[in-house]
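Just below is one structure, and these are the notes that go with it.
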Amino acid sequence: MANESLPKEDQIVISDEVTAIIAGIAANKVDGIASMSGGVVGNLAERLGAKKDLARGVKVESTNEEASIELNLIVDYGIKIHETCGVVQERVREAVQEMTGLAVPGVSVNVQGVNLDEQIELENTD
């Protein structure tokens, strides 16, 4: 009876959480990305000492063949947002496709904030 629940052919299933972590790490490696935006609750939990969520700010919808990705980002002040987001889309698509074998038809980027820390530091040194 236990064998009835096993797949009849070989399968590899990659969870959306794993795909989201891959996408989040790839996005964070791009210069000009301050952080991922996980909303008020996620940001508050991290400030209170909760473990950093590598998939924060990433939403994945996938099938066995492809994954669509949505990223919520906070960018550094002074960058060319459209160019930086284009690099993010390219790097996320490449990382997910290379590591999972899934096609990535779309990577949507929502810029939800601007990190002013560096700008404030520059103004204070003048």
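In the numbering used here, the protein residues as written are 11 to 136. For each residue, glycine too, the CB sits at the ideal point set by N, CA and C.
Based on Cα-Cα distance, which residue from V124, G96, E80 and K90 lies nearest to E27? In the sequence shown, residue 27 corresponds to position 17, counting from 1. Put simply, of V124, G96, E80 and K90 the residue whose alpha carbon is nearest the alpha carbon of E27 is E80.
So if DSSP puts A77 in a beta bridge, which residue, or which two residues, is it bridged to? Your numbering for residue 77 matches position 67 in the sequence shown. According to DSSP, A77 bridges with S72.
So the candidates are P115, V70, G116 and E76; which of them puts its Cα closest to the Cα of G34? If you number the sequence shown from 1, residue 34 lands on position 24. With distances taken between CA atoms, G34 lies nearest to V70 out of P115, V70, G116 and E76.
Do you know how far the Cα of V85 is from the Cα of G52? For the purposes of this step, residue 52 is taken as residue 42 along the sequence shown, with counting starting at 1. For the purposes of this step, residue 85 is taken as residue 75 along the sequence shown, with counting starting at 1. The predicted position of G52 is uncertain, since its pLDDT is 49 and thus under 50; a value taken from the coordinates is nonetheless stated next. Counting only the Cα atoms, V85 lies some 17 angstroms from G52.
Would R101 and V23 qualify as a contact pair, given that the criterion is a beta-carbon distance under 9 angstroms? Indexing the sequence shown from 1 puts residue 101 at position 91. Indexing the sequence shown from 1 puts residue 23 at position 13. No, these two residues do not count as a Cβ contact at 9 angstroms.
Presumed contact (8 angstroms Cβ cut-off) between S47 and N82, rounded CB distance: Position 37 of the sequence shown, counted from the first residue, corresponds to residue 47. Position 72 of the sequence shown, counted from the first residue, corresponds to residue 82. Yes, S47 and N82 are in contact; Cβ-Cβ is about 4 angstroms, under 8 angstroms.
What's the C-alpha gap between Y43 and V124? Residue 43 sits at position 33 when you count from the first residue of the sequence shown. Residue 124 sits at position 114 when you count from the first residue of the sequence shown. The sequence shown places Ile at residue 43, rather than the Tyr named in the question. Put simply, the backbone Cα of I43 is about 9 angstroms away from that of V124.
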